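Residue numbers (numbering that gives the first Met the number 0), protein chains in the order written: chain C, 0 to 199; chain L, 0 to 148. One structure is given below, encoded as structure tokens.
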Amino acid sequence: MASLAWRERGLSGAEEQELVERARSKDVEAAEELLARHERAVFLACRHLLPRDEDVEAAVQETFLRALRGLDRYGGEGSFASWLVAIAVNLCRDRLRRRRLVPFVPLELGAEDRLDPVAVLPAPGPDPERVAMARQAAALMRREVTRLPRRQREAFALRFFVGMDLEGIASVLRVDVGTVKTHLHRAVHRVRAAVAEAMP
Amino acid sequence: MTSWHLTDEEFDRLLIGEDLPPERAAHAEQCVLCRKRRQDFLAAVEVARGDDPDEATCASVRSAALETWSGSRIRPARWWLAAAAAVLLLVLVPLAYRSVAPRPSVNAEAVLEEVDAVLARDPLTAVAPEELVEVVTPVVEVSGERSAS
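Shown next, in the form of structure tokens:
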């Protein structure tokens with residue numbers, strides 16, 4: 000699953016730890032490098048854990064700020080990426096709680112999620128039929144993911160949209176790997192069934 | 000390669016990232032139908048994930064967070080430090096003022112002269128009420144009739 004590999008700009012753990020130390024001593028350049036390395040993961044986590052009408056950029060910015068202010072609390076026992084994504088997940092939970100949307104119920108489906116004929120028109124490119132089916136399946140997948148219980152939704156989003164491995168997800172959700180697998184099995188079972196409607 | 004295709008359970012395990020028994024993993028790699036099934040699911044994931052955030056948006060969000068963070072660095076890290084400093088200031092400023100403010104000079108010689116003068120006149124009247132003075136030192140009146148006889 001190369002396309003879902005954890006995408007980081009390659010630096011060793013020691014180099015990253017050094018960046019963290021410099022950022023702790025208020026080195027702005029080091030702090031910026033840390034954020035830049037992991038911002039994609041934070042963006043994707045916020046995008047898929049918040050309702051569509053939430054301001055994802057504001058959530059990402061707040062995540063960064065919480066992380067920078069809490070750098071002293073990062074003990075280095077897990078990866079910095081997991082620590083940062085855990086802050087993003089907690090922030091998304093806070094926002095959902097504030098909106099009284101736990102368990103999550105989408106306020107409104109996005110335009111791309113409506114299964115009207117226009118949404119499934121073939122796009123230019125190779126094998127337009129497969130592309131159209133993938134679009135329809137994606138819409139069904141997004142809709143089904145929003146209906147999952149919170150833990151399952153978080154595990155699914157971190158695994159498939161952010162691209163984290165099982166250990167990373169366990170670290171973010173503060174559960175053991177076995178629990179992550181249980182959540183993922185239940186989530187994938189439901190999502191796969193929904194996607195199968197579009198891709199028999 | 001075993002002939003039967005992946006079960007739903009095996010397919011889920013494959014997607015999640017769990018290991019399959021070697022012969023089933025080999026089937027998953029070699030079977031066209033099982034590979035297509037997996038690719039279809041991952042294609043839907045890719046589309047559902049959406050585009051990566053563009054660099055301009057990332058840079059803007061990053062710099063806004065860094066600006067707020069670096070701007071707040073000069074503020075006291077803890078609110079109670081600021082409160083403690085304010086209390087200390089309130090205590091120390093009056094003390095310092097007292098120690099620095101000039102005191103009125105006292106002319107000891109003049110004071111002593113005044114005390115001496117009072118004591119010379121009548122020490123008791125200087126410190127006690129009039130009634131008490133009368134009781135302690137009654138005035139002796141000398142009548143004219145008695146003196147005449």
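For each residue, glycine too, the CB sits at the ideal point set by N, CA and C. If you're wondering where the values come from, they're calculated on a predicted model, not measured in any experiment.
Quiz item: Do C:Phe-63 and C:Glu-38 have their C-beta atoms within less than 9 Å of each other?
Solution: If you check the CB distance, C:Phe-63 and C:Glu-38 come in under 9 Å.
Q) Alpha carbon to alpha carbon, what distance is there between L:Val-99 and L:Asp-121? A) Taking the straight line from one Cα to the other gives about 41 Å.
- prompt: Between which two residues does the alpha helix (DSSP H) carrying C:Pro-127 extend?
  reply: 127 to 146 is the extent of the alpha helix (DSSP H) around C:Pro-127.
Amino acids of chain L, ordered along the chain, whose beta-carbon sits closer than 9 Å to that of C:Ala-13 | Those within 9 Å of C:Ala-13 in chain L number zero; the least Cβ separation is about 24 Å.
- prompt: In three-state terms, what does DSSP make of C:Asn-89?
  reply: Three-state result, C:Asn-89: helix.
Which residues, in chain order, does the stretch 16 to 38 of chain C contribute to contact with chain L at a C-beta distance below 8 Å?
Flagged, chain order: Lys-25, Val-27, Ala-30, Glu-31, Leu-34, Ala-35, Glu-38.
| request: Can you tell me which of the three DSSP states C:Ser-11 falls into? | output: When secondary structure is reduced to three states using DSSP, C:Ser-11 falls in the coil class, being assigned neither helix nor strand.
Exercise. Give the C-beta separation of C:Ala-35 and L:Arg-61 to the nearest angstrom, bearing in mind that I take them to be a contact with Cβ-Cβ under 8 Å.
Key: Approximately 6 Å separates the beta-carbon atoms of C:Ala-35 and L:Arg-61; this is inside 8 Å, confirming the contact.
Quiz item: Hey, how far is the Cα of C:Arg-23 from the Cα of C:Glu-15?
Solution: Cα to Cα, C:Arg-23 sits roughly 12 Å from C:Glu-15.
inquiry  = On the DSSP letters alone, give me the boundaries of the alpha helix (DSSP H) that C:Arg-189 sits inside.
reply    = Per DSSP, C:Arg-189 belongs to the alpha helix (DSSP H) from 176 to 197.
* Asked: Among L:Val-126, L:His-26, L:Glu-66, L:Asp-7, which one has its Cα closest to the Cα of C:Glu-31?
  -> Of L:Val-126, L:His-26, L:Glu-66, L:Asp-7, the smallest CA-CA separation from C:Glu-31 is found for L:Glu-66.
Sequence-distant residues of its chain with Cβ nearer than 6 Å to C:Arg-21 (five each side left out): Ala-29, listed in sequence order.
Checklist entry - Starting from C:Leu-48 and walking both ways along the alpha helix (DSSP H), at which residues does that stretch end? => result Here the alpha helix (DSSP H) through C:Leu-48 covers 27 to 48.
| task | Can you say whether C:Glu-61 is buried or exposed, counting buried as having 16 or more other CB atoms within 10 angstroms of its CB? | result | By the 10 Å Cβ count, C:Glu-61 comes out buried.
**Item:** Top-ranked residue by Cα proximity to C:Met-163, from C:Lys-180, C:Thr-181, C:Ser-81, C:Arg-142
**Value:** The shortest C-alpha separation from C:Met-163 is found at C:Ser-81.
Can you have a look at L:Asp-7 and say buried or exposed, based on whether 16 or more other CB atoms are within 10 angstroms of its CB?
Of the other Cβ atoms in all chains shown, fewer than 16 fall within 10 Å of the Cβ of L:Asp-7; this residue is therefore exposed.
- Less than 8 Å between the CB atoms is what I'm expecting for L:Leu-13 and L:Arg-37, so what's the real figure, rounded? Sure, about 7 Å apart at Cβ, within 8 Å.
Option nearest C:Pro-50 by Cα separation, candidates C:Arg-96, C:Met-132, C:Val-179, C:His-182: Restricting attention to C:Arg-96, C:Met-132, C:Val-179, C:His-182, the CA atom closest to the CA of C:Pro-50 is found in C:Arg-96.
- Query: Below 9 Å between beta carbons: does that hold for C:Tyr-73 and C:Val-161?
  - Reply: In this structure, C:Val-161 does not lie closer than 9 Å to C:Tyr-73 by Cβ.
>> Would C:Val-84 and C:Ala-57 be called neighbours here (beta carbons separated by less than 9 Å)?
In response: The criterion of a C-beta distance shorter than 9 Å is not satisfied by C:Val-84 and C:Ala-57.
Rounded C-alpha distance that separates C:Ala-136 from L:Pro-52
Looking at the two C-alpha atoms, the distance is approximately 22 Å.
Neighbour list for L:Val-31 in chain C, Cβ cutoff strictly below 9 Å: Under the 9 Å cutoff, chain C gives no residues; its nearest Cβ is about 14 Å from L:Val-31.
Which of the three DSSP states, helix, strand or coil, is assigned to L:Glu-115?
Before going on, a small fix: residue 115 of chain L reads as Asp here, not Glu. Helix, per DSSP.
When the cut-off is 9 Å and only beta carbons count, does L:Trp-79 lie next to chain C?
-> No, because no Cβ of chain C sits closer than 9 Å to the Cβ of L:Trp-79.
Checklist entry - If we count Cβ pairs, one from each stretch, closer than 8 Å, do we get three or more for the stretch 174 to 181 of chain C versus the stretch 83 to 92 of chain L? => result The answer is no - the stretch 83 to 92 of chain L does not touch the stretch 174 to 181 of chain C, with fewer than three Cβ pairs under 8 Å.
inquiry  = Looking at chain L, is there any beta carbon in it that lies within less than 9 Å of the beta carbon of C:Leu-95?
reply    = So, not an interface residue.
Exercise for the section: With a 10 Å radius around its C-beta and 16 neighbouring C-beta atoms as the bar for buried, classify L:Gln-29 as buried or exposed. Expected result: Around the CB of L:Gln-29, fewer than 16 other CB atoms lie within 10 Å, so the residue is classed as exposed.
(message) For L:Pro-21, report the span of its alpha helix (DSSP H) as first-last.
(response) Under the DSSP assignment, L:Pro-21 falls in the alpha helix (DSSP H) whose first and last residues are 21 to 29.
Anything in the stretch 42 to 61 of chain L with a Cβ closer than 9 Å to a Cβ of chain C? List those residues in chain order, please.
Here the close residues are Ala-42, Ala-43, Val-44, Glu-45, Val-46, Ala-47, Arg-48, Gly-49, Asp-51, Pro-52, Thr-56, Cys-57, Ala-58, Ser-59, Val-60, Arg-61.
Which same chain residues end up closer than 7 Å to C:Gln-151 when comparing Cβ atoms and leaving out the 5 residues on each side of it in sequence? Excluding sequence neighbours, C:Gln-151 sits near His-182, Arg-185, Ala-186.
Distance, Cα to Cα, C:Asp-126 vs C:Met-132?
Answer to the nearest angstrom: the Cα atoms are 10 Å apart.
Are the beta-carbon atoms of L:Arg-23 and L:Glu-45 separated by less than 9 Å? Not a contact, by the Cβ cut-off of 9 Å.
**Asked** If we cut at 9 Å on Cβ distances, does C:Asp-164 have a partner in chain L?
**Response** So, interface residue.
Nearest to C:Leu-139 by alpha carbon, out of C:Arg-158, C:Glu-196, C:Glu-76?
Checked all of C:Arg-158, C:Glu-196, C:Glu-76; the closest Cα to C:Leu-139 is C:Glu-196.
Measuring alpha carbon to alpha carbon, tell me which residue in C:Ser-11, C:Leu-48, C:Glu-128 is nearest L:Ala-42. Minimum Cα distance to L:Ala-42 is reached at C:Glu-128.
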